[in-house]
Amino acid sequence: GAVVSQHPSRVICKSGTSVKIECRSLDFQATTMFWYRQFPKKSLMLMATSNEGSKATYEQGVEKDKFLINHASLTLSTLTVTSAHPEDSSFYICSARDGTSGSYEQYFGPGTRLTVT
Amino acid sequence: DAKTTQPNSMESNEEEPVHLPCNHSTISGTDYIHWYRQLPSQGPEYVIHGLTSNVNNRMASLAIAEDRKSSTLILHRATLRDAAVYYCILRGSSNTGKLIFGQGTTLQVKP
Numbered sequence: 248g249a250v251v252s253q254h255p256s257r258v259i260c261k262s263g264t265s266v267k268i269e270c271r272s273l274d275f276q277a278t279t280m281f282w283y284r285q286f287p288k289k290s291l292m293l294m295a296t297s298n299e300g301s302k303a304t305y306e307q308g309v310e311k312d313k314f315l316i317n318h319a320s321l322t323l324s325t326l327t328v329t330s331a332h333p334e335d336s337s338f339y340i341c342s343a344r345d346g347t348s349g350s351y352e353q354y355f356g357p358g359t360r361l362t363v364t
Numbered sequence: 011d012a013k014t015t016q017p018n019s020m021e022s023n024e025e026e027p028v029h030l031p032c033n034h035s036t037i038s039g040t041d042y043i044h045w046y047r048q049l050p051s052q053g054p055e056y057v058i059h060g061l062t063s064n065v066n067n068r069m070a071s072l073a074i075a076e077d078r079k080s081s082t083l084i085l086h087r088a089t090l091r092d093a094a095v096y097y098c099i100l101r102g103s104s105n106t107g108k109l110i111f112g113q114g115t116t117l118q119v120k121p
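Line order of the protein sequences matches chains W and A.
When we follow our numbering, the leftmost residue of the first sequence carries the number 248, and every step to the right adds one.
When we follow our numbering, the leftmost residue of the second sequence carries the number 11, and every step to the right adds one.
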């Protein structure tokens, strides 16, 4: 099946700094990518939908100025957590949809564990 | 978004079939039923999806009730590697294709 990678797999940063997480589709073109966050023992929460070449669509309650999303190419979307605080510590997961296949199947990345100290 | 209801947890013995139920009584006529699973500390993995007819693939089978208000994911022979959280999700026919995850069912497989 299609492969989606995330980098880094885990990151520790200090409070007040910004962290960028990359999501790449390795063998297909992803016109749409999605960003989720997941707290321990909880389900995934959709944060935003990222469309190539246009602004991301954020879910209600997600601050767009805090979670900057850029989808500049058909294989790369980035999530930047700005001015991170300990409460932003979470498991961030991206997914991508193959826009050329007509399928709505989403392929998920392995996740990035962010710890803010 | 139409909601789904799943049991919080289920147990199974290794090499026995597992039937994971999902209720979606408010499903609309154009909603697809998707199943994903998530192993610990990993991203979710696609399992199967369907609209009206039962579906089979190498991983599982999906049985959809005639009124579409419920469905059942069937693992024919559970293995220890099938221990995961299984999510039943309804996806609307809009072009975004976004998935809204519920709480899922944690499946424990006992040797």
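Don't be surprised by glycine CBs; every beta carbon is placed ideally from N, CA and C.
Check, Outcome
"Based on the DSSP output, what are the partners of W/Phe314 in its beta bridges?", "W/Val328"
"Could you give the distance in angstroms between the alpha-carbon of A/Leu49 and the alpha-carbon of W/Tyr354?", "15 Å"
"Output needed in chain order: residues of the segment 55-87 of chain A with a Cβ under 8 Å from some Cβ in chain C.", "No chain C is part of this structure, whose protein chains are labelled W and A."
"Taking the C-alpha atoms as reference points, what is the distance between W/Pro287 and W/Ser337?", "8 Å"
"So W/Arg344 contacts chain A; which residues on that side make the cut at Cβ distance below 7 Å?", "Gly107"
"What does A/Gly114 reach in chain W if we use C-beta pairs closer than 7 Å?", "Ser290"
"The beta strand (DSSP E) spanning W/Asp345 covers which residue range?", "337-345"
"Suppose the cutoff is 7 Å on Cβ atoms and the five residues either side in sequence are ignored; what does the same chain contact list for W/Glu306 look like?", "Leu293, Met294, Ala295"
"Along the chain, where does the beta strand (DSSP E) containing W/Lys267 start, and where does it finish?", "266-272"
"Output needed for A/Ile84: all residues of its chain with C-beta closer than 8 Å, excluding positions within five of it in sequence on either side, in chain order.", "Pro27, Val28, His29, Leu30, Ala70, Ser71, Leu72, Ala73"
"What span of residues does the beta strand (DSSP E) with W/Met294 cover, start to end?", "291-298"
"Could you tell me which whole beta strand (DSSP E) segments of length 3 or greater appear in the segment 51-89 of chain A?", "55-60, 71-74, 80-85"
"For A/Ile3 and chain W, any beta-carbon pair shorter than 8 Å?", "Any question about residue 3 of chain A goes unanswered here, given that chain A covers just 11 to 121."
"Is the beta carbon of W/Thr364 closer than 8 Å to that of W/Lys261?", "yes"
"Would you verify that the beta carbon of W/Phe314 is, or is not, closer than 8 Å to some beta carbon of chain A?", "no"
"Given a threshold of 16 other Cβ atoms within 10 Å of its Cβ, counted over all protein chains shown, does W/His332 qualify as buried or as exposed?", "exposed"
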